[in-house]
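**Student:** Using my numbering, the letters of the sequence shown correspond one by one to residues 475 to 717.
Even for Gly, the Cβ is constructed at its ideal location relative to N, Cα and C.
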Amino acid sequence: MKADIPGTAWAVDAKNNHVVVTVDDTVSQAEIAKIKKQAGADAGALTIKHTAGTFNKLISGGDAIYGGQYRCSLGFNVHSGSTYYFLTAGHCGQVASTWYSNSGHTTTLGTNVGYSFPGNDFALVKYTNSSIAHPSAVGSQTISSAATPSVGQTVYRRGSTTGTHSGKVTALNATVNYGSDGIVSGLIQTTVCAEGGDSGGPLYNGSVAYGLTSGGSGDCTSGGTTFFQPVTEALSYYGVTLP
Numbered sequence: 475m476k477a478d479i480p481g482t483a484w485a486v487d488a489k490n491n492h493v494v495v496t497v498d499d500t501v502s503q504a505e506i507a508k509i510k511k512q513a514g515a516d517a518g519a520l521t522i523k524h525t526a527g528t529f530n531k532l533i534s535g536g537d538a539i540y541g542g543q544y545r546c547s548l549g550f551n552v553h554s555g556s557t558y559y560f561l562t563a564g565h566c567g568q569v570a571s572t573w574y575s576n577s578g579h580t581t582t583l584g585t586n587v588g589y590s591f592p593g594n595d596f597a598l599v600k601y602t603n604s605s606i607a608h609p610s611a612v613g614s615q616t617i618s619s620a621a622t623p624s625v626g627q628t629v630y631r632r633g634s635t636t637g638t639h640s641g642k643v644t645a646l647n648a649t650v651n652y653g654s655d656g657i658v659s660g661l662i663q664t665t666v667c668a669e670g671g672d673s674g675g676p677l678y679n680g681s682v683a684y685g686l687t688s689g690g691s692g693d694c695t696s697g698g699t700t701f702f703q704p705v706t707e708a709l710s711y712y713g714v715t716l717p
């Protein structure tokens, strides 16, 4: 499928041999018809689903981090040898290079090592403040490993705006078109709600890390569809590990 219609996301449902296309409120009936036309002879293998709201990167773990005029969420603490870092969303790393633990920007956490967005959605920040603790935990939950979840699995997300919420994994290797913000592929798609400022926050279950909050639609009142950058890809990309 072409990725030229903002507000769409798609993933393969291998069990039912279908491509599931999720469309947000901005996608018109004419654009849905265009999607089906692009599929050609395979149009019968498409399943179109509607989600309330608009797909957005959720800029505005789990703990709040502040950079520039934005607030995001810390994902997972990681390290390489004795040097400590944290992972967050790439679209957060795109808009700020220095991160603080408070909105007044008086307590520095660290500075960006790099980010990848769009295409991917992860960033690595190096701790520069030695007085800041960096446990391998999400809240009180210790994190000891990283993996890929399975479709249908229950997962939890923590963020600085909405706290902790749970939902189900609905697809793997999903692609979402955030309009002018670009296209991100290889994502975990879920029913966990999220809102602005939750970006970069952790997706996990028990002691296992799964992903970093990328974006989605809806909110934690009405629900929605959300997408997560697999944490295993970010760990491999930067050559870092969980503490």
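So the candidates are T562, D478 and T602; which of them puts its Cα closest to the Cα of Y712?
**Tutor:** Residue numbering aside, residue 712 sits at position 238 when the sequence shown is read from its first letter. Taking only the C-alpha atoms, the option nearest Y712 is T562.
**Student:** Would you decide whether G593 is buried or exposed? Buried here means 16 or more other CB atoms lie within 10 Å of its CB.
**Tutor:** Taking the first residue of the sequence shown as position 1, residue 593 is located at position 119. Looking at its Cβ environment, which holds fewer than 16 other Cβ atoms inside 10 Å, G593 is exposed.
**Student:** Count the other CB atoms within 10 Å of the CB of K523; is the residue buried (16 or more) or exposed (fewer)?
**Tutor:** Locating residue 523 in the sequence shown gives position 49, counting from the first residue. So K523 counts as exposed.
**Student:** In or out: A488 buried (at least 16 other Cβ within 10 Å) or exposed?
**Tutor:** Here residue 488 refers to the residue found at position 14 of the sequence shown. Exposed: under 16 other Cβ atoms inside 10 Å.
**Student:** Given P717, which residues of its chain have a CB within under 8 Å of its CB, disregarding the five upstream and five downstream residues?
**Tutor:** Numbered from 1 along the sequence shown, position 243 holds the residue referred to as residue 717. If we look at P717 and ignore the five residues flanking it on each side, its Cβ neighbours are N551, V552, H553, Y558, H608, P609 and S610.
**Student:** If we call anything under 8 Å between Cβ atoms a contact, is G692 one with G527?
**Tutor:** Position 218 of the sequence shown holds residue 692. Position 53 of the sequence shown holds residue 527. For G692 and G527, yes; Cβs fall inside 8 Å.
**Student:** Out of S556, G555 and G535, point me to the one whose CA is closest to S547's CA.
**Tutor:** Taking the sequence shown and counting its residues from 1, one reaches residue 547 at position 73. Ranking the options by Cα distance to S547, first place goes to G535.
**Student:** My guess is that V643 and V625 are in contact by the Cβ rule of under 8 Å, so how many angstroms apart are they, rounded?
**Tutor:** Numbered from 1 along the sequence shown, position 169 holds the residue referred to as residue 643. Numbered from 1 along the sequence shown, position 151 holds the residue referred to as residue 625. Contact flag correct, Cβ pair sits at about 5 Å.
**Student:** Please report the residue range of the alpha helix (DSSP H) in which T706 lies.
**Tutor:** Mapped onto the sequence shown, residue 706 falls at position 232. Segment V705 to Y712, the alpha helix (DSSP H) holding T706.
**Student:** Output the distance between the C-alpha atoms of N651 and S575, rounded to the nearest integer angstrom.
**Tutor:** The residue labelled residue 651 in the question sits at position 177 within the sequence shown. The residue labelled residue 575 in the question sits at position 101 within the sequence shown. Their backbone Cα atoms lie some 31 Å apart in a straight line.
**Student:** Determine the DSSP secondary structure at S691, reduced to helix, strand or coil.
**Tutor:** Position 217 of the sequence shown, counted from the start, is the residue given in the question as residue 691. The answer is coil: DSSP assigns S691 none of H, G, I, E or B.
**Student:** So, does the segment 625 to 634 touch the segment 680 to 700, judging by three or more C-beta pairs under 8 Å?
**Tutor:** A contact exists between the segment 625 to 634 and the segment 680 to 700.
**Student:** Is any non-hydrogen atom of the ligand MG found closer than 7 Å to the C-beta of P480, if you look at the structure I gave you?
**Tutor:** This structure lacks the ligand MG, and indeed carries no ligand of any kind.
**Student:** Under DSSP, the alpha helix (DSSP H) around Q503 begins and ends at which residues?
**Tutor:** The count along the sequence shown starts at 1 and reaches residue 503 at position 29. Residues Q503 to A513.
**Student:** Going by Cα to Cα distance, which pick from H492, F701, V494 and D498 is closest to I479?
**Tutor:** Position 5 of the sequence shown, counted from the start, is the residue given in the question as residue 479. Of the candidates H492, F701, V494 and D498, the one whose C-alpha sits nearest the C-alpha of I479 is D498.
**Student:** Within 10 angstroms of the Cβ of Q503, are there 16 or more other Cβ atoms? Answer buried if so, exposed if not.
**Tutor:** Counted from its first residue, the sequence shown places residue 503 at position 29. With fewer than 16 Cβ atoms within 10 Å of its Cβ, Q503 is classed as exposed.
**Student:** Going straight from the alpha carbon of G675 to that of T638, what length do you get?
**Tutor:** Counting from one through the sequence shown, the residue named residue 675 turns up at place 201. Counting from one through the sequence shown, the residue named residue 638 turns up at place 164. Each residue's alpha carbon lies about 10 Å from the other.
**Student:** Relative to the alpha-carbon of Y678, which residue among S710, A620 and A570 has its alpha-carbon at the smallest distance?
**Tutor:** For the purposes of this step, residue 678 is identified with residue 204 of the sequence shown, where counting begins at 1. Considering only alpha carbons, the answer is A620.
**Student:** Mind reading off the beta-carbon distance from H635 to G671? Whole number of angstroms is fine, and I expect it under 8 Å.
**Tutor:** The count along the sequence shown starts at 1 and reaches residue 635 at position 161. The count along the sequence shown starts at 1 and reaches residue 671 at position 197. It should be noted that the sequence gives Thr, not His, for residue 635. Right, the Cβ-Cβ distance comes to about 4 Å (below 8 Å), so this counts as a contact.
**Student:** Just grab the DSSP bridge partners of Y558 for me.
**Tutor:** By 1-based counting over the sequence shown, the position of residue 558 is 84. Paired residues: H553.
**Student:** Name, in chain order, the residues that DSSP records as bridge partners for S618.
**Tutor:** As a position in the sequence shown, residue 618 is number 144, starting the count at 1. S618 is not bridged to any residue.
**Student:** When the Cα atoms are used, what is the spatial distance from T585 to S696?
**Tutor:** The sequence position of residue 585 within the sequence shown is 111, counting from 1. The sequence position of residue 696 within the sequence shown is 222, counting from 1. Distance between the alpha carbons of T585 and S696 is about 36 Å.
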